[in-house]
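Colleague: Pasting in a structure now, in structure tokens, and then I'll have a few things to ask.
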């Protein structure tokens, strides 16, 4: 049996077509004609190659539920609704804060947990034992760890200081976003750009576990020590408890939900029926959380529009730079070491895993530690508004770059056999 890392023609299920809708004829043709050089389709006619690739990506995009496709629009609407509620309902803050958990209002606690639960239910934890049997997976894990836990946080730190030197609170919120590695939307971007689904899943699992262990100490190191913040120092106990509540509870709930439903109702029901209705609850929870945060911050936002919009700059720069760095780093490895371990699909997985962030966790921790009415929480909340359109655009850029770079041609020039192993 071939390992999940061996270069092979990915079937429709690995691209999510079986889960999100039927691919078009052109899409199926593109999938059938996949070859073994890292996931980029080969056709004698370049026009046909581009048409097939675009048709496949469009079919996947159209197969996403309407919440995923129009998430940016819904986030903007949620922000507007929240500001309107906060501005014209003067008692909203006192009402929301009647019950709280460690300073976070009860309605907000529910939203912060609910938006993470479905995400962590979708992760295929059962793939761990089989995937780790392949020695090749460790190369991808090593690169991912370096990109996600060394380069990524320091890059966001540098960009935050360069673009927000005079806005300490907003800068801390951006740094907190940079420390939270993506475990949710990355699966969607990877699917659209046709990355390796198995490797993406394994990296998501690893990042989920590492965040529980590393997010709190990394936050203290980057905010208290490196940034030298005196007014907004983080307390390790408060930060660690926040991570355990807003990531630990959803993680345990996700694992239990996944295995209980699969065990009692079967995998087919879980993938085709249960996730179809349960999955969108995550985005509903995110929108609900944004409404509450912006309702509590309405007056503050209206009087500080300049600083709020300045937080867009470091986020856009980070997503673009980090994604490009990871994508072309794998391209360099493919030229030097061959396509077997460093094909197009691996470039997509590494680029989107490193170039996106777990803004849900960053929002949850900032709200819990600094308060829902803090600038740190506001800056973190801007994250999904920027990330969704930028990474959707990068999904299409990945497909275009894979064709123009002629990943297959590079492999042939190195004398690598294109035939399947």
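Residue numbers (the UniProt record's numbering): 1 to 421. Ideal placement from N, C-alpha and C gives every residue a C-beta, glycine not left out. Fair warning: this is a prediction, and the values are worked out from it, not measured in the lab.
Can you name the residues that DSSP bridges to residue 104?
Modeller: In DSSP, residue 104 forms a bridge with 101.
Colleague: Secondary structure at residue 171, three-state DSSP: helix, strand or coil?
Modeller: helix
Colleague: Return the Cβ separation of residue 116 and residue 250 in integer angstroms, given the expectation that the two are a contact with Cβ distance under 8 Å.
Modeller: 4 Å
Colleague: Looking at residue 72 and residue 284, is the spacing between their C-beta atoms short of 8 Å?
Modeller: no
Colleague: Measuring CB to CB, does residue 384 end up less than 8 Å from residue 352?
Modeller: no
Colleague: Expressed to the nearest angstrom, what Euclidean distance is found between the alpha-carbon atoms of residue 193 and residue 386?
Modeller: Using only the alpha carbons, I get a separation of about 19 Å.
Colleague: Nearest-angstrom Cα distance between residue 401 and residue 230?
Modeller: Cα to Cα, the separation comes out at about 45 Å.
Colleague: By the three-class DSSP mapping on this structure, what secondary structure does residue 406 have?
Modeller: coil
Colleague: Do you know offhand how far residue 369's Cα is from residue 275's?
Modeller: CA-CA distance, residue 369 to residue 275, rounds to 32 Å.
Colleague: Quick check on DSSP: helix, strand or coil for residue 194?
Modeller: It is coil, neither helix nor strand.
Colleague: For residue 218, count neighbouring Cβ atoms within 10 angstroms of its own Cβ and tell me buried if that reaches 16, exposed if not.
Modeller: buried
Colleague: By a C-beta neighbour count over all protein chains shown, 10 Å radius and 16 as the cutoff for buried, is residue 209 buried or exposed?
Modeller: exposed
Colleague: Can you tell me whether residue 302 is buried or exposed, with buried defined as 16 or more other CB within 10 angstroms of its CB?
Modeller: Of the residues assessed, residue 302 falls on the exposed side of the cut-off, its CB having fewer than 16 other CB atoms within 10 angstroms.
Colleague: Go to residue 250, then tell me how far its alpha helix (DSSP H) extends in each direction, as first and last residue.
Modeller: 249 to 265
Colleague: Compare the beta carbon distance of residue 361 and residue 215 with 8 Å and say whether it is the shorter of the two.
Modeller: yes
Colleague: Drop a sphere of 10 angstroms on the beta-carbon of residue 135, count the other beta-carbons inside from all chains shown, and report buried for 16 or more, exposed for fewer.
Modeller: exposed
Colleague: Tell me which residues share the same chain as residue 107 and place their Cβ nearer than 7 Å to its Cβ, disregarding the 5 neighbours each side in the sequence.
Modeller: 96, 292
Colleague: Between the segment 138 to 155 and the segment 113 to 129, do three or more beta carbon pairs fall short of 8 Å?
Modeller: no
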